[in-house]
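Worksheet: the structure to be examined is printed underneath.
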Amino acid sequence: MFCIGEHIIHPGQGVCRVTGIENTPAPMLLLEAKKGHAKTLMRYPLAQADRLHSCITREEAEHIMATYSEIACDTHTERNSSLEESYFKQQLKKGAPETVRVLKTMLQRIQDAHNHDKKPSSYYARILKEAHKRSVEELSIALHMSEEELMVQLDTLNATFIEPSNN
8 MFCIGEHIIH PGQGVCRVTG IENTPAPMLL LEAKKGHAKT LMRYPLAQAD RLHSCITREE
68 AEHIMATYSE IACDTHTERN SSLEESYFKQ QLKKGAPETV RVLKTMLQRI QDAHNHDKKP
128 SSYYARILKE AHKRSVEELS IALHMSEEEL MVQLDTLNAT FIEPSNN
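Numbering-wise (the numbering used here), the sequence shown opens with residue 8 and increments by one.
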């Protein structure tokens, strides 16, 4: 069970904070998600709490950042881009380190398309944006950093990750 004040991963919203428990005939977890520039308050059925999971620990986040270059890109492919997009959306629901793997995968696929003078699939940018947002949210919570500070670090890691393929 989750504690009030704990940060958790909601499959659709990303990082949320547990603000309370509503004791009704169908008990609900009260969650607060930062969506865009405003905070969103939600009620989530306690019976479905198994779909939620805790954020990664500080140690896990430090390990992800330290071994960023070693995180392998996902090689998953499907017969069409719609099925691939669905697969990567499911991966994002798992939280870090999968969000970071998806982030690296989309960066690599976009870079590969540009290297072959092709236009990247439009879903790459959508998935990249969501993977970046979710990675930054979860890692910043775990590392006790502002999202802006973490973005700078992550963008630096991403720049060194995609640079070698430009040669």
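Note that CB positions come from ideal geometry on N, CA and C, so glycine has one too.
Spatially closest choice to residue i from the options, by CA coordinates
| i | options | result |
| --- | --- | --- |
| R116 | D81, Q20 and T167 | D81 |
| F9 | K101, H60 and A54 | H60 |
| L36 | R50, R24 and A45 | R50 |
| L69 | M152, I169 and T167 | The question names Leu, but residue 69 is Glu in the sequence shown. Closest by alpha carbon: M152. |
| V22 | L38, I11, P34 and N30 | L38 |
| P127 | S88, G19, R58 and E77 | S88 |
| T26 | Q20, H14, P32 and P34 | H14 |
| E85 | E77, Y94, A79 and I134 | Y94 |
| R65 | I148, A54, P32 and T112 | I148 |
| P34 | T47, L48, P52 and Q20 | P52 |
| I28 | Q20, K41 and L48 | L48 |
| E77 | T112, D57, L90 and Q20 | T112 |
| K96 | I11, A54 and Q20 | Q20 |
Opening and closing residue of the alpha helix (DSSP H) in which residue i lies
| i | result |
| --- | --- |
| E13 | Segment: none, E13 is in no alpha helix (DSSP H) and carries neither H nor E. |
| I71 | R65 to A73 |
Three-state secondary structure (DSSP) of residue i
| i | result |
| --- | --- |
| I134 | helix |
| L59 | coil |
Residue i and residue j closer than 8 Å at C-beta
| i | j | result |
| --- | --- | --- |
| L161 | L150 | no |
| E144 | I63 | no |
| A120 | I71 | no |
| P18 | K136 | no |
| Q229 | E92 | This structure cannot settle anything about residue 229, because the visible part of the chain is limited to 8 through 174. |
| A138 | V159 | no |
Start-to-end residues for the beta strand (DSSP E) that takes in residue i
| i | result |
| --- | --- |
| P32 | Taken as a continuous stretch (DSSP letters only), P32 belongs to no beta strand (DSSP E), as it is neither H nor E. |
| M49 | A45 to P52 |
- Task: Return the chain-ordered ranges of every beta strand (DSSP E) run that is complete within the stretch 73-156 and spans a minimum of 3 residues.
- Result: none
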